[in-house]
Structures are given as C-alpha cells and as structure tokens.
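Report on the structure given below.
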Amino acid sequence: MRDEMDGRIRPARPEEAKQLSDLAFRSKAHWGYDDDFMERCRGPLTVFPGNIAEGRVFVLEDRGRIRGFYELSGAGSEKELSFLFVEPGDIGKGYGRALWLHAVRTAEVRGADGILIHSDSHAEPFYRAMGARRVGEVPSTAIPGRMLPLMRFDLRLPARP
Numbered sequence: 002m003r004d005e006m007d008g009r010i011r012p013a014r015p016e017e018a019k020q021l022s023d024l025a026f027r028s029k030a031h032w033g034y035d036d037d038f039m040e041r042c043r044g045p046l047t048v049f050p051g052n053i054a055e056g057r058v059f060v061l062e063d064r065g066r067i068r069g070f071y072e073l074s075g076a077g078s079e080k081e082l083s084f085l086f087v088e089p090g091d092i093g094k095g096y097g098r099a100l101w102l103h104a105v106r107t108a109e110v111r112g113a114d115g116i117l118i119h120s121d122s123h124a125e126p127f128y129r130a131m132g133a134r135r136v137g138e139v140p141s142t143a144i145p146g147r148m149l150p151l152m153r154f155d156l157r158l159p160a161r162p
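Here the working numbering is used: the first residue of the sequence shown is 2, the next is one more, and so on.
See the structure below:
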C-alpha cells in the first residue's frame, strides 16, 4: 500500500520484534505516564517474533524508517487489534490512519465481521474518529485495578473513515 506520505505498509519481519517493542514503549510513554507505570507496561508492549512469523504484524515505512505498526490477531469473525502504535514524533501525520485503514482491509480479507480494540484511554478519541464505538471496559494486563476502554469496529457497516 502507498499513502500520501509515500509510506509503504508491509508484513513485519521477525528480526524487527525488538525494534517494534521499543517503538510501542516510546509511543505509550508519549502520553506522559510515569516511569513506574511504563515499566509495568513493558511486558504487555512486547511484540513477539512468533506473532510476526504468523503474519499478524504489519509495519509502515516512510523515507526508509519504520513510522508505526499494528498487530491483528484472532480466529473466526472477530479480530483483535492488539497493537497500533506510531512513533511519537509522527503522531498526527496520518500514519495512524493509514495503518488503521490497512488493518480494516486485512480484517475484511480474513473474513472478520468486526475488530475489537483494548484501547488506551488516550487513543480512544482516535478510534472513535475512525468509526469504532465503545462497548465496555476490560482490565489492564499491566496495572491491577486499571480499566481500559473496549472498542469495536463493525465491518458490516458501510461507513468508512
């Protein structure tokens, strides 16, 4: 895929797992979380080479650099957007939208009716703008007692961002 930034979305390579995990960590830290919070998130923000090898992870490259990535998983008609992260300095430049649209097309090709997103509260406005709606809350895997927005995008609806 090519977008207006001349970016290219491609399958990630297993040897990029650490680079993508580090990108996810930097991107989450962008929202001003303290060091203790971020360290607790390190495990859940890890991208595994096995998931990459299974074709779940896609990266957006632009001008020779990885600007963002997403991971789409799940069997059956409901897919889960496990990750969608953009380099902090690239937030607001359209990379997130390009990754989202690619994830939607990928989910459609894989036979999904919907996409579930365990969203960070700071990312909820982005997913709402992309057409997802909040359907509940789920507990954080990193921070006991913290609840996260559960979002869903219905692929059967005709509207697209």
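Idealized CB from N, CA, C, for every residue including glycine.
Query - Distance, Ile-118 Cα to Ser-83 Cα - result: 7 Å
Query raised in the report: If you follow the beta strand (DSSP E) that Glu-17 is part of, which residue opens it and which one closes it?
Result: From DSSP, Glu-17 is part of no beta strand (DSSP E); its letter is neither H nor E.
Query raised in the report: Between which two residues does the alpha helix (DSSP H) containing Val-1 stretch?
Result: This structure does not reach residue 1, given that the chain is present from 2 up to 162, and the question cannot be answered.
Requested in this report: Would you mind reading off the limits of the beta strand (DSSP E) that contains Met-39?
Outcome: For Met-39, no beta strand (DSSP E) encloses it; the enclosing alpha helix (DSSP H) starts and ends at 36-42.
Query raised in the report: How do the region 65-72 and the region 150-159 stand: do at least 3 beta-carbon pairs fall below 8 Å, yes or no?
Result: no
Report task. Compute the Euclidean distance between the alpha carbons of Gly-1 and Arg-98, then round it to the nearest angstrom. Result -> Look at the range of the chain in this structure, 2 to 162, and you will see that residue 1 is not part of it.
Query raised in the report: CB Gly-115 to CB Arg-64, shorter than 7 Å?
Result: no
Query - Contacts around Thr-47, its chain only, beta-carbon distance under 6 Å, and the 5 residues preceding and following it disregarded - result: Ser-22
Query - Burial state of Ala-76, where buried means 16 or more other Cβ atoms lie within 10 Å - result: exposed
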